[in-house]
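First up is the structure itself, then whatever we jot down about it.
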Amino acid sequence: MTKDKTITVGRSVKRLDAVGKVTGEAVYPGDMNIDEQLWMKLRFSDRAHARVVAIDTSQAEAVPGVVAVLTAKDVPNNEYGLTMKDQPVLCGPGSHSSIPGADVVRCYMDQVAVVVAETEAAAAEAVRLVDVTYEDLPAVFDAEEALADDAPQLHANHPNNVLCHFLIRKGDMDAGWQQADVIIEGEYHTGYQEHAFLQPEAGVGYIDEAGRVTVVVAGQWVHEDQEQIYHALGLPEDEVRVIYPAIGGAFGGREDMSVQIVLALAAWKLRRPVKIQWSREESILYHHKRHPVTIRAKWGATREGKLVVAESVVIGDAGAYNYTTNKVMGNANLMATGPYEIPNIHLDTYGVYTNNIPCGAFRGFGGPQGAFAAEGQMNKLAEALGLDPVELRMKNVLQEGSLLSVGTPLPLGVSIPQVVESCARESFWVHDRGDWSRAACPQPANPALRRGQGFAAAFKNVGFSFGAPEHSWATVELRGQAEIEEVIVRHAGAEVGQGTHTVMVQMAAEGAGVPLEKVCLIAQDTAETLNSGSVSASRMTFMAGNAIKGAAERALEKWHNEERPAKATYKYRPPATTPYDPKTGKSEPNFAYGYVAEAVEVEVDIETGHIRLVQVVCADDVGHAVNPQLVQGQVEGAVVQAQGYAIMENLISQEGRILNPYLSTYLIPTILDVPDEVKSVILEYPDPIGPWGARGMGEMPFLPLAPAIAAAVHDATGVWMDFIPLTPERVVAVLREHGIGVI
Ligand code: MOS
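Mapping of the sequence shown onto our numbering: residues 8 to 750, in sequence order.
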């Protein structure tokens with residue numbers, strides 16, 4: 008396969024939103040103010056698990072300036088949820104809801120009352136005066152305890168708090184264990200992660216000039232937000248409008264509702280504009296997190312290094328509501344055996360309800376947790392077999408035609424062997440006479456500092472998986488007479504800061520055969536665009552690209568038939584995927600993938616436990632880099648975010664309550680922490696069905712970093728650490744147990 012010849016696609020053109028964001032002219036939801044606007048504050052649950060017996064709003068209503076206090080009884084259809092409607096908009100008595108127990112709070116992030124006032128101060132004062140009477144219920148804060156028969160039950164219809172269970176039964180386990188010369192067992196623990204996007208949740212709600220209930224907010228999918236709102240309000244679709252202005256980051260953390268429904272509710276009831284702005288503390292306390300996961304894995308390989316068998320159990324703490332757990336854990340189930348061909352697999356993956364904060368989408372979507380265990384197993388197997396870790400991977404990586412754990416081949420365009428090789432060559436490995444090897448890492452003079460190197464690989468799906476409906480619309484309009492003077496593109500896709508709108512304009516210019524300057528993009532407004540699906544699952548370049556390309560081709564045809572303006576609307580549908588077979592797990596899970604490998608060098612201070620990232624080499628097959636500089640930006644951003652996940656970010660939850668909801672106590676990497684060097688190795692093996700060969704890539708550089716760091720820490724210290732985050736205090740404790748760093 009050769010790359011298509013292109014003009015605009017493949018160039019590092021300047022981001023369309025760059026100047027506005029640098030000068031501060033870009034308008035984010037928190038910057039919006041409307042004349043005569045009211046202010047909203049939310050009263051959240053004061054209990055981890057309790058029945059709300061009564062809500063007395065009289066004192067709150069008596070505060071001067073208070074306009075309304077809304078509770079459960081005011082929500083026409085008191086339920087929502089992205090992939091399963093299991094959460095009340097407001098918890099309390101008098102609910103109209105199909106959810107059993109809509110009067111129950113199940114975690115501290117449940118919303119109980121909405122206060123709207125003339126000023127922010129009045130709303131803040133009144134929200135504290137809402138008097139809620141609770142009847143406490145027994146609570147459970149540990150996913151494995153929640154599975155026990157005598158554990159408190161959070162949701163009817165989910166016995167033992169099992170929200171979801173996925174399994175894979177492939178091959179013959181007895182035969183697999185028979186063939187295994189080396190067996191490695193490990194138990195891996197991963198922590199929460201907070202998205203920490205720059206802009207906390209905010210928005211305005213109002214009635215627009217066409218009488219629509221309109222919410223201006225930051226999200227990842229305007230049409231999904233619209234659907235959640237009109238469902239809860241019991242309104243027809245076309246009476247609700249959602250608009251995104253500039254969005255201050257998302258990373259999966261804006262896939263679910265935060266302020267959308269309550270803003271719409273208040274604007275609809277009061278017929279006045281309403282604004283809300285969360286603090287950083289509220290943002291950390293009240294949006295979902297990455298799932299903490301425990302994985303128990305037992306894998307076997309032959310003496311020659313062929314994987315023959317893998318058995319794993321994956322348990323994810325979903326928290327109190329589904330959010331996207333039923334999709335995240337499905338993906339974790341696929342990723343838990345890595346990008347390797349293993350003939351015999353027995354795998355069980357559970358998402359479990361607890362009274363903790365709900366968990367959901369976060370860059371990688373179950374992949375990072377799966378990779379942490381899978382790559383840990385691979386690195387330990389390499390050690391046990393006396394094989395180089397790159398060598399072991401090359402013997403087992405998926406090839407064109409290989410069967411996945413789910414018993415079907417990958418879509419064409421499998422490049423993980425090339426990606427692993429490129430990463431090894433560009434980092435610390437040499438290939439000599441058919442063997443991969445690495446020289447010992449050079450050590451600093453200071454004996455307290457130990458350096459080590461590690462390797463990991465992964466694959467990441469592009470697009471919605473396992474039979475979820477998947478499509479994307481685009482409209483392209485060509486204006487002009489003798490020649491095309493203007494190209495108007497309509498696409499709903501959200502620009503969350505990754506550069507997707509710039510890439511869409513590049514693809515539209517390419518598709519219509521015009522220079523970039525002639526393209527005008529209208530995006531992220533339900534009143535102006537058709538459904539694009541979400542900016543998630545590394546899908547937007549792929550899906551929007553195919554949709555825009557298809558629309559441009561059809562518009563050009565009309566143009567050549569002398570239609571003026573020439574306008575075409577096109578719906579791109581990728582090949583269908585299928586859900587897991589409930590008995591075997593057999594499925595065709597995805598229509599496209601990206602492939603990634605990372606090598607890292609770390610320096611461990613054995614006295615303090617501090618880990619420094621010296622170098623990260625990240626090789627990614629992106630199919631075709633539509634904008635190479637933006638690709639590099641995604642690689643560097645994902646690596647640094649994964650660095651935080653792996654060694655710094657430690658969200659502490661005690662009995663369902665987050666103890667460190669501040670960026671002063673929940674530490675994310677700053678410029679002083681980032682690796683000395685991130686080397687992006689951008690590979691372009693085209694995806695046969697990607698637009699101009701492009702694959703999605705926003706998530707994949709995240710996946711292998713944590714296990715590569717764990718391998719490098721082992722190389723530096725001789726100790727396997729099977730947990731993240733590897734914060735200094737946790738690392739130092741383990742080193743001391745091994746008698747390392749004792750002065
Ligand atoms: Mo993403 S974690 O697929 O928004």
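All C-beta atoms, glycine included, are put in the ideal place defined by N, C-alpha and C.
Quick check: what's the CA-CA separation for residue i versus residue j?
{"i": "Ile41", "j": "Ile291", "result": "27 Å"}
{"i": "Phe754", "j": "Leu399", "result": "Absent from the model: residue 754. The displayed extent of the chain is 8 to 750, so no value can be given."}
{"i": "Pro522", "j": "Glu216", "result": "35 Å"}
{"i": "Leu205", "j": "Asp38", "result": "14 Å"}
{"i": "Asn657", "j": "Leu670", "result": "11 Å"}
{"i": "Leu170", "j": "Ile654", "result": "30 Å"}
{"i": "Met8", "j": "Asp628", "result": "Residue placement at Met8 cannot be trusted, given a pLDDT of 43 that sits under 50; what the coordinates show is reported in the next sentence. If I take the Cα positions, the gap works out to 14 Å."}
{"i": "Ala718", "j": "Leu528", "result": "45 Å"}
{"i": "Pro83", "j": "Val112", "result": "19 Å"}
{"i": "Glu132", "j": "Tyr195", "result": "45 Å"}
{"i": "Tyr579", "j": "Met704", "result": "19 Å"}
{"i": "Leu270", "j": "Glu43", "result": "15 Å"}
{"i": "Pro682", "j": "Arg261", "result": "27 Å"}
{"i": "Gly540", "j": "His478", "result": "7 Å"}
On the three-state DSSP scale, how would you describe residue i?
{"i": "Pro83", "result": "coil"}
{"i": "Arg54", "result": "coil"}
{"i": "Met8", "result": "With a pLDDT of only 43 at Met8, under 50, the local geometry of the prediction cannot be trusted, and no value is derived from it."}
{"i": "Tyr293", "result": "helix"}
{"i": "Gln648", "result": "helix"}
{"i": "Val749", "result": "coil"}
{"i": "Met385", "result": "helix"}
{"i": "His721", "result": "helix"}
{"i": "Ala129", "result": "helix"}
{"i": "His4", "result": "With the chain represented from 8 up to 750, any question about residue 4 goes unanswered, as that position is not in the structure."}
{"i": "Glu390", "result": "helix"}
{"i": "Asn363", "result": "coil"}
{"i": "Trp5", "result": "What the structure shows of the chain is the stretch from 8 to 750, and residue 5 is not part of that stretch, so it cannot be assessed."}
{"i": "Arg400", "result": "helix"}
For residue i, would you say it is in contact with chain D, using Cβ-to-Cβ distances shorter than 7 Å as the test?
{"i": "Asn333", "result": "Considering every chain present, this structure includes no chain D. It has just one protein chain."}
Is it buried or exposed, residue i, if we count other Cβ atoms within 10 angstroms and call 16 or more buried?
{"i": "Asn568", "result": "exposed"}
{"i": "Ser65", "result": "exposed"}
{"i": "Val59", "result": "buried"}
{"i": "Pro698", "result": "buried"}
{"i": "Ser286", "result": "exposed"}
{"i": "Gln200", "result": "buried"}
{"i": "Ile678", "result": "exposed"}
{"i": "Leu419", "result": "exposed"}
{"i": "Ala649", "result": "buried"}
{"i": "Leu724", "result": "The residue asked about is misnamed: residue 724 is Thr in this sequence, not Leu. Label assigned to Thr724: buried."}
{"i": "Ala327", "result": "buried"}
{"i": "Glu490", "result": "exposed"}
{"i": "Lys387", "result": "buried"}
Following a CB-centred definition, is residue i positioned closer than 6 Å to any heavy atom of ligand 1?
{"i": "Arg58", "result": "no"}
{"i": "Ala163", "result": "no"}
{"i": "Ala715", "result": "no"}
{"i": "Phe369", "result": "yes"}
{"i": "Gly504", "result": "no"}
{"i": "Ser539", "result": "no"}
{"i": "Ala475", "result": "no"}
{"i": "Glu262", "result": "yes"}
{"i": "Phe372", "result": "yes"}
{"i": "Ala544", "result": "yes"}
{"i": "Gly259", "result": "yes"}
For residue i, write down the residues that DSSP places opposite it in a beta bridge.
{"i": "Glu605", "result": "Ala463 and Cys625"}
{"i": "Glu68", "result": "Its beta-bridge partners do not exist; DSSP assigns none."}
{"i": "His172", "result": "Tyr357"}
{"i": "Glu736", "result": "BP columns for Glu736 are empty, so no partner."}
{"i": "Arg561", "result": "Note: Arg561 sits in no beta bridge, so no partner."}
{"i": "Tyr35", "result": "DSSP output for Tyr35 lists no bridge partner at all."}
{"i": "Pro416", "result": "Leu410"}
{"i": "Ile349", "result": "Beta-bridge pairing links Ile349 to no other residue."}
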